[in-house]
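One structure is given here, and the rest of the page talks about it.
Numbering (this note's numbering), first residue to last: 1 to 86.
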């Protein structure tokens, strides 16, 4: 048996085999692949949404803490938090 000397032969051969296998696959397998791609896309979307909600909650907590600190500081500067001495 002689060896094939054309360097592109194996590339063409593998492409032909892959295309032949894709044609032979059943429609159920193709639906599974589509469902799988949708599942992956959905997982990425949910992860992105969770990260955004986490950042929004963190930002809201930081704003709330900042507002409370500023209010306490303002009350202290205007002597509203000190006891009145008679």
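Yeah, the Cβ is synthetic: ideal placement off N, Cα and C, and Gly gets one too.
query, result
"Boundaries (first-last residue) of the alpha helix (DSSP H) holding residue 8", "Premise fails: residue 8 is in no alpha helix (DSSP H) and is neither H nor E."
"Reduced DSSP category for residue 25 - H, G, I as helix; E, B as strand; rest coil", "coil"
"Euclidean distance between Cα positions of residue 76 and residue 52", "36 Å"
"CB of residue 72 within 9 Å of CB of residue 64, strictly", "no"
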